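Worksheet: one structure, shown below.
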Amino acid sequence: MSPTSTEQALRAHLRSHNGTVLIASGVAAIFSAIGWAVLYGVSYWVTLMFIAVGNNGDGRVPQVFTMVFVGSATVLMLAARLDQWFFPSDRMPDERPPVEHFADILFFVPRFTMSCWQNLGALAHLGRREMPDAALLLDHLKAERRVSLQQLPAMFPHDRRRRRMLEALLVTGLVDQRREDSLIWLHVGALAPDTFRIRPGTLPAAEDPLAGVPQVKIRRRVHLLRQREDREQ
Numbered sequence: 001m002s003p004t005s006t007e008q009a010l011r012a013h014l015r016s017h018n019g020t021v022l023i024a025s026g027v028a029a030i031f032s033a034i035g036w037a038v039l040y041g042v043s044y045w046v047t048l049m050f051i052a053v054g055n056n057g058d059g060r061v062p063q064v065f066t067m068v069f070v071g072s073a074t075v076l077m078l079a080a081r082l083d084q085w086f087f088p089s090d091r092m093p094d095e096r097p098p099v100e101h102f103a104d105i106l107f108f109v110p111r112f113t114m115s116c117w118q119n120l121g122a123l124a125h126l127g128r129r130e131m132p133d134a135a136l137l138l139d140h141l142k143a144e145r146r147v148s149l150q151q152l153p154a155m156f157p158h159d160r161r162r163r164r165m166l167e168a169l170l171v172t173g174l175v176d177q178r179r180e181d182s183l184i185w186l187h188v189g190a191l192a193p194d195t196f197r198i199r200p201g202t203l204p205a206a207e208d209p210l211a212g213v214p215q216v217k218i219r220r221r222v223h224l225l226r227q228r229e230d231r232e233q
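Numbering follows our numbering, in which position 86 of the sequence shown is assigned residue number 86; successive positions increment by one, without gaps.
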C-alpha cells in the first residue's frame, strides 16, 4: 500500500476509534446519572422511613437532605479517586481481600462516573506532520514485520512528534510493544484491521531447499534420473 493510501486508512481508523471512545463516554455518563438518581431515591426513602419510625409515622425529609447527599457524593468521589490512585486493581479477584470487594460495591457508581472523563484520555489525534510519520512506520511494520524501538530516533528525529505518533498508534491498537531478545519491538497490533497487515499475496517466497547446492551436482542428478526413466520405458 502506498503511503497516501496508508494515511487515508489511518485517518479513517482514527475517526472510527475516536467515535467509539465518545460513544463509550456518553453511555457511561448516562448510566452514571441513572446510578446517582437511584442512590438519591434509595437514600431519600431510607431517610424518610427512619424519620417516620422515630416520629410515630409522621415524618418529613429535611430540606438540607439534597445538600447532604451532594456532599456525601463528593466525598465518595474523592475517596474512590484516592482508592484508584493508591490501590489499583491489579490483582485477580480470588487473590483480593474482602475489604476490596466491599470497596468495589461502595465505589461502583463513583468509579463509573470517573470513567466518563477517563475514557476521553483514549482519544487519539495526529497532526499534519505526525500523520506521514505514522503512515511510514506502519508501512515499515507491514514490510519488515517488526521494528525495534531503538530504531525510531534514527527514523524520526523529532522527539515530540515521534512520542505523539507512538502514543496515538498504541492507544488505537494499531501497534503493540513486545520485549524480545532484551529489546523492545513494535509489531502490528493484534486487533489492527487487515488494511494494515501484509497481504497474503506479498508473503516472502519459501526458502529454496536446493540453496547452496552446487549446480553441477543438481544437473548430474537430473541427468541420472532421466537415464533411469529412459531404461524403464
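In this text, a Cβ means the ideal position worked out from N, Cα and C, and glycines have one as well. Small disclaimer: the values here were computed from a predicted structure and weren't measured.
Contact between Leu-191 and His-13 does not hold, since the beta-carbon distance rounds to 11 Å and is not under 8 Å. DSSP places Gln-118 inside the alpha helix (DSSP H), whose first and last residues are 108-118. Of the residues Met-155, Leu-137, Thr-47, the one whose Cα lies closest to the Cα of Val-64 is Thr-47. Rounded to the nearest angstrom, the gap between the Cα atoms of Phe-86 and Ile-51 is 38 Å. In this chain, the alpha helix (DSSP H) harbouring Leu-78 covers 65-86. For the pair Arg-197 and Val-188, the CB atoms are nearer than the 7 Å cut-off. Between the alpha carbons of Leu-166 and Phe-156 lies a distance of about 11 Å.
Secondary structure of Leu-126 (DSSP, three-state): coil. Taking the C-beta atoms as reference points, Leu-10 is found nearer than 7 Å to Ala-134. Leaving aside the five residues that flank Phe-69 on each side, the residues in its chain whose CB is nearer than 7 Å to its CB run, in chain order, Tyr-40, Ser-43.
Taking 7 Å as the cut-off, the beta carbon of Leu-183 is found no closer than this to the beta carbon of Val-147.
Asn-55 counts as exposed, since fewer than 16 other C-beta atoms from the protein chains shown sit within 10 angstroms of its C-beta.
Looking at Asp-83, Gly-19, Asn-119, Gln-118, the one whose alpha-carbon comes closest to that of Ile-105 is Asp-83. Distance from Leu-76 to Phe-31 at the Cβ level is roughly 16 Å; contact not present, criterion being Cβ atoms closer than 8 Å. In the structure shown, Arg-163 falls within a helical segment according to DSSP collapsed to helix, strand and coil. Gln-177 has Leu-186 as its beta-bridge partners, per DSSP.
When Arg-164, Leu-22, Met-114, Ala-80 are compared, the shortest CA-CA separation from Phe-102 is found for Ala-80. Counting C-beta atoms within 10 angstroms of its own C-beta, Val-38 has fewer than 16 neighbours from the protein chains shown and is therefore classed as exposed. Beta-bridge partners assigned by DSSP to Val-147: Leu-186.
Secondary structure note for Pro-153: its alpha helix (DSSP H) is the uninterrupted segment 152-155. Using a 10 angstroms sphere on the CB of Ala-124, the tally of other CB atoms reaches 16 or more, which defines it as buried. Taking the C-beta atoms as reference points, Thr-6 is found nearer than 7 Å to Leu-138. Straight-line measurement puts the Cα of Gly-26 at about 14 Å from the Cα of Ala-122. For Val-99, the secondary structure class from DSSP, reduced to helix, strand or coil, is helix.
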